[in-house]
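Step one of this worksheet: look at the structure below.
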Ligand code: SF4
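Residue numbers (the numbering used here): 20 to 369.
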C-alpha cells in the first residue's frame, strides 16, 4: 500500500458500485455486483486482504489492490471494569487515539463508539470536552471500532445495540456519521438493524431536523441535563445557540416511527439538577412528547467541580417520574471504576 491508496471502508456500496462501473473494462459487462461481493467479504466475513476474496476474479482483485487498502485498528490498551464493561483505547492511523466501550447486559450487549477525536462542544461536566476537538473521524474509523471491539472480545459475544455516545458530537461530523450508518446497516454488509442504533446529540437543532428526514431511521437521543436555560447553559454551552424552547419544539416536530420515542439523557448532579423541583420541571418541559428519560447519576471526577447525587436522592428523583407514568431507567453507570461512563471518555485527560 502507498499513500495514494484509499481506505475501502470509507466507501458506501453505492459509491463502490459506481467505481466498478467507471473502472470496468468495456468487454467485461456490468461489474457493479462486485461491490455487493466486496461488502460481503469486508463486513460479513471480515476479510483482511483482497486475496481472501476468492469468488472475485484475480484481475479484479489486483485492480482493488492497486487502488484500495483495508483498514484495521490497533488497541493501545484496555481497562476492565468490575461490572464487565471494557474501555478500549484505540489508535488511529495518524497517531491520535479514541475510546470505545463494550457494555455487557444480562441478555444484550452494547458497543459505544466515538464519532470524533475529542469534542468541541465544551460541556462543563464532560472529560472529553477538555481535549477540545482534535478532528472528525472518517466513516471507516467509526465502523472499525465495532469490528475491533468484536474481535477483541474472546468469546463470540452478540451485539444488540450500537450507541454513538462515546467521544464527540456525532452531528458535528454529520456526513461521515451518515456514511458510517449506511455501511453498518447495509444488507450486503454488516446488516445491523437501524432500530438498534442510537445517535446521541447535545442538541444541534438543524441536524436534528435533517436527521429526522433521513432514510436510515436510527434512534435519536438528546442530552438534556437541565430544565432551565440557566442550568442547561451552565452545563452545555450549545444551549446559548439552541435554547430549551427551540430544542423542545424541534423534538416535538421530529418524525418518529410508530412505537419509537426520543430518549432524553438527564444527568443527576447533586444540588444542581437532582431536586424534586427539577423532576417536576422535567415533566412540564417534556409534556406532549413521546419520550423516555435515561437518568444518569453524575460520576464524581478528580477535580470535584460537580458532585454525584446521593443514591437515595437519585432514587427519589426516579420514583417521582415513575409515579407520573414516565419511563425513566436509572442508569447505574456501567464502567464507573474505569472512567468509561457517560462524559468520562477522554484519552489522557483523566
Ligand atoms: S457530553 Fe458529548 S457533546 Fe458534550 S462535550 Fe462531552 S462528548 Fe462532547
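All residues carry an ideal CB built from backbone N, CA and C; glycine is no exception. Computed from a prediction, not measured in an experiment: that's the story for all the values here.
Given a cut-off of 8 Å, decide if residue j and residue i are closer than it, judged by their beta-carbon atoms.
| i | j | result |
| --- | --- | --- |
| residue 231 | residue 274 | yes |
| residue 254 | residue 144 | yes |
| residue 130 | residue 165 | yes |
| residue 304 | residue 336 | no |
| residue 187 | residue 133 | yes |
| residue 314 | residue 289 | no |
| residue 39 | residue 51 | yes |
| residue 162 | residue 202 | yes |
| residue 179 | residue 210 | no |
| residue 287 | residue 316 | yes |
| residue 41 | residue 82 | no |
| residue 347 | residue 341 | yes |
| residue 152 | residue 138 | yes |
| residue 181 | residue 214 | no |
| residue 146 | residue 320 | yes |
| residue 302 | residue 235 | no |
| residue 171 | residue 94 | yes |
| residue 115 | residue 25 | no |
| residue 278 | residue 310 | no |
Report the three-state DSSP secondary structure of residue i (helix, strand or coil).
| i | result |
| --- | --- |
| residue 231 | helix |
| residue 240 | strand |
| residue 217 | strand |
| residue 113 | coil |
| residue 177 | coil |
| residue 123 | strand |
| residue 210 | coil |
| residue 299 | helix |
| residue 42 | helix |
| residue 347 | coil |
| residue 22 | coil |
| residue 131 | strand |
| residue 282 | strand |
| residue 62 | helix |
| residue 246 | coil |
| residue 155 | strand |
| residue 118 | strand |
| residue 360 | Below a pLDDT of 50, predicted positions are generally treated as unreliable, and residue 360, at 49, falls in that range; no measurement from the model is reported. |
| residue 144 | coil |
| residue 304 | helix |
| residue 171 | helix |
| residue 255 | coil |
| residue 74 | coil |
| residue 262 | coil |
| residue 55 | helix |
| residue 325 | coil |
| residue 37 | helix |
Within 7 Å: the Cβ of residue i and any heavy atom of ligand 1?
| i | result |
| --- | --- |
| residue 247 | no |
| residue 327 | no |
| residue 187 | yes |
| residue 242 | yes |
| residue 151 | no |
| residue 221 | yes |
| residue 145 | yes |
| residue 131 | no |
| residue 148 | yes |
| residue 142 | yes |
| residue 138 | yes |
Quick one: measure Cβ to Cβ for residue i and residue j, integer angstroms, because I've assumed they're closer than 8 Å.
| i | j | result |
| --- | --- | --- |
| residue 9 | residue 168 | With the chain covering 20 to 369 only, the question about residue 9 has no answer from this structure. |
| residue 244 | residue 292 | 7 Å |
| residue 142 | residue 271 | Residue 142 to residue 271, Cβ: 24 Å. No contact. |
| residue 247 | residue 300 | 7 Å |
| residue 237 | residue 217 | 7 Å |
| residue 204 | residue 240 | With 8 Å as the limit, residue 204 and residue 240 do not qualify as a contact, their Cβ atoms being about 17 Å apart. |
| residue 298 | residue 339 | 4 Å |
| residue 109 | residue 121 | Actually they are not in contact, since the Cβ atoms of residue 109 and residue 121 sit about 12 Å apart, beyond 8 Å. |
| residue 91 | residue 67 | 7 Å |
| residue 208 | residue 32 | 7 Å |
| residue 159 | residue 29 | 5 Å |
| residue 223 | residue 257 | 7 Å |
| residue 183 | residue 212 | Contact flag wrong, Cβ pair sits at about 15 Å. |
| residue 242 | residue 284 | 5 Å |
Kindly identify the DSSP beta-bridge partner or partners of residue i.
| i | result |
| --- | --- |
| residue 96 | 108 |
| residue 316 | 287 |
| residue 226 | DSSP output for residue 226 lists no bridge partner at all. |
| residue 88 | 26 |
| residue 182 | 131 and 217 |
| residue 311 | 282 |
| residue 136 | 154 |
Report yes if the C-beta of residue i is less than 7 Å from at least one heavy atom of ligand 3; otherwise report no.
| i | result |
| --- | --- |
| residue 93 | The model on display carries ligand 1 but not ligand 3. |
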